[in-house]
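In this note's numbering, the protein residues as written are 81 to 542. Data first, discussion second: the structure below is written as structure tokens.
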């Protein structure tokens, strides 16, 4: 079943002739091809398909690259059955003896294969030169391909093949001008030896493979794992199966059983399925490269996030200044309108002030007439009004004389004015008590009086 962790998978095969890229997506428990791209070695790969961006956080993309087989050294181990988590530690103890180079200069991986004995397991170990792996990864990086896994695809096919015969299985893989041959030796269903031979095109290519088969058979007899006459099986692409079968039969002087080798797309689909589900343990990608790729991905996310934030800031600043200029334009328009209206407004205020002054003058004129009428109507005959005065437009002061024995009439006159009015409205808001001063000398018997009256002003004249 396809792992739910991965939403897509890219499988890349490189060769001297060019690059071949397959794209897969999970469908109904497996992986189905959704795209294919072929390019020359000098042509770029489709960056949009390979690049990992922020969508990787929830739509993970698995990038797998195939390491060419001519850079590998293959060894077979038979170990006691153990927990899968302990298998790598057991193999690591044997790798130093199996590796054709110092371990600090090598990268190795392994794949557990079926074994007929339940207490034993077969492990195929593949060792590659570290410099060759790093150079290969460097070329992929220049093309924008950052691999999550670096694999040899034939390991997956070996895990699926059935080996029931005692003898050798020759798997042919055409590689342009040359041909790769994977030779697998099994005895009683147990994998004994695996080797890789690269032969150039020519009439003697079958003889080279046959010579390699015979040398390995002699070595197996010497080591004791080949004790019977070997049978020969050939697995090749349909286009090359007949030619290779005839040539090898002629060289070995025996008949070969034949099978058709699956197409590269089917091998890539199997690779994607086993890698995505965690079924395969083989991976040549050094841990330090995986960590660096992860850090580069995180750095790219940060830079894009900062770039996006900076873009939003710039757009926000531009929008702010555009809005500010628009508001300034509106303000200047309103200011011009206010300036054109200010003179009319000032004239209106002046006119209103003049109207108020004229209205006050008219009101005061009528108030004075009302006061004069009230005084003339209410003044007793015994009293004499000598003068009156308006001060500040609201205080009426009356001056007069009266016989000394008629001072009570002065008080009555004062009280009458306090109640004077028209239409239920008092004429005066307040009338102060009268001031009475008797005269002496020639005017003895006469008293002088005066009092102030505050005129009630109409509303709006306060």
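Every residue, glycine too, gets a C-beta built ideally from N, C-alpha and C.
Nonlocal neighbours in the same chain, by C-beta distance under 6 angstroms from residue i, ignoring five residues either side
| i | result |
| --- | --- |
| residue 315 | 251, 339 and 341 |
| residue 514 | 490, 494, 529 and 531 |
| residue 281 | 257 |
| residue 347 | 233 |
| residue 264 | 249 and 274 |
| residue 207 | 153, 179, 186 and 188 |
| residue 147 | 230, 232 and 364 |
| residue 373 | 226 |
| residue 479 | 466, 467 and 530 |
| residue 486 | 462 |
For residue i, three-class secondary structure by DSSP
| i | result |
| --- | --- |
| residue 122 | coil |
| residue 311 | strand |
| residue 241 | coil |
| residue 343 | coil |
| residue 117 | strand |
| residue 306 | coil |
| residue 44 | In the structure as shown, the chain starts at 81 and stops at 542, and residue 44 therefore has no counterpart that could be examined. |
| residue 336 | coil |
| residue 232 | coil |
| residue 367 | helix |
| residue 545 | What the structure shows of the chain is the stretch from 81 to 542, and residue 545 is not part of that stretch, so it cannot be assessed. |
| residue 358 | coil |
| residue 81 | For residue 81, the predicted structure reports a pLDDT of 41, less than 50, and the residue's modelled location is therefore unreliable. A value from the coordinates is still provided. Residue 81 falls in the coil class under three-state DSSP. |
| residue 174 | helix |
| residue 374 | helix |
| residue 301 | helix |
| residue 97 | coil |
| residue 316 | strand |
| residue 168 | helix |
| residue 131 | coil |
| residue 222 | helix |
| residue 537 | coil |
7 angstroms CB neighbourhood of residue i in its chain, flanking five on each side removed
| i | result |
| --- | --- |
| residue 334 | 312 |
| residue 269 | 196, 243 and 244 |
| residue 526 | 481, 483, 484 and 519 |
| residue 459 | 465 and 493 |
| residue 220 | 145 and 227 |
| residue 114 | 103, 104 and 105 |
| residue 534 | 474, 475, 508, 509 and 510 |
| residue 413 | none |
| residue 85 | 140 |
| residue 400 | none |
| residue 199 | 160 and 161 |
| residue 89 | 104, 111, 142, 144, 352 and 356 |
| residue 477 | 468, 469, 471, 530 and 532 |
Beta-carbon proximity list for residue i, same chain, < 8 angstroms, skipping 5 on both sides
| i | result |
| --- | --- |
| residue 499 | 506 |
| residue 517 | 527, 528 and 529 |
| residue 224 | 124, 125, 127, 130 and 131 |
| residue 450 | 502 and 507 |
Strand pairing of residue i, partner residues [DSSP]
| i | result |
| --- | --- |
| residue 532 | 477 |
| residue 273 | 265 |
| residue 90 | 103 and 143 |
| residue 278 | 260 |
| residue 189 | 206 |
| residue 296 | Residue 296 pairs with nothing; no bridge assigned. |
| residue 112 | 105 |
| residue 247 | 266 and 311 |
| residue 153 | 207 |
| residue 159 | 201 |
| residue 253 | 260 |
Residue i at chain D interface by Cβ criterion, 7 angstroms
| i | result |
| --- | --- |
| residue 442 | Absent here is chain D; the protein component of the structure consists of one chain. |
Presumed contact (8 angstroms Cβ cut-off) between residue i and residue j, rounded CB distance
| i | j | result |
| --- | --- | --- |
| residue 351 | residue 91 | 6 angstroms |
| residue 278 | residue 260 | 5 angstroms |
| residue 241 | residue 290 | Contact doesn't hold; Cβ gap of about 22 angstroms is too wide. |
| residue 325 | residue 332 | Not really, about 11 angstroms apart at Cβ, beyond 8 angstroms. |
| residue 119 | residue 99 | 5 angstroms |
| residue 271 | residue 175 | In fact, because the Cβ distance is near 18 angstroms, the residues do not count as touching under 8 angstroms. |
| residue 213 | residue 171 | So it is not a contact: roughly 18 angstroms between Cβ atoms. |
| residue 166 | residue 235 | Their Cβ separation, rounded to whole angstroms, is 20 angstroms, which puts residue 166 and residue 235 out of contact at 8 angstroms. |
| residue 470 | residue 448 | 6 angstroms |
Fill in: Contiguous alpha helix (DSSP H) assignments of at least 4 residues, all confined to the stretch 452–527
If you keep only unbroken alpha helix (DSSP H) runs of at least 4 residues inside the stretch 452–527, you get 487–499.
Practice prompt. Write down every uninterrupted run of the beta strand (DSSP E) in the stretch 381–457 whose length is 3 residues or greater and which is fully enclosed by it, in chain order.
Written response: Secondary structure remark: continuous beta strand (DSSP E) runs of at least 3 residues inside the stretch 381–457: none found.
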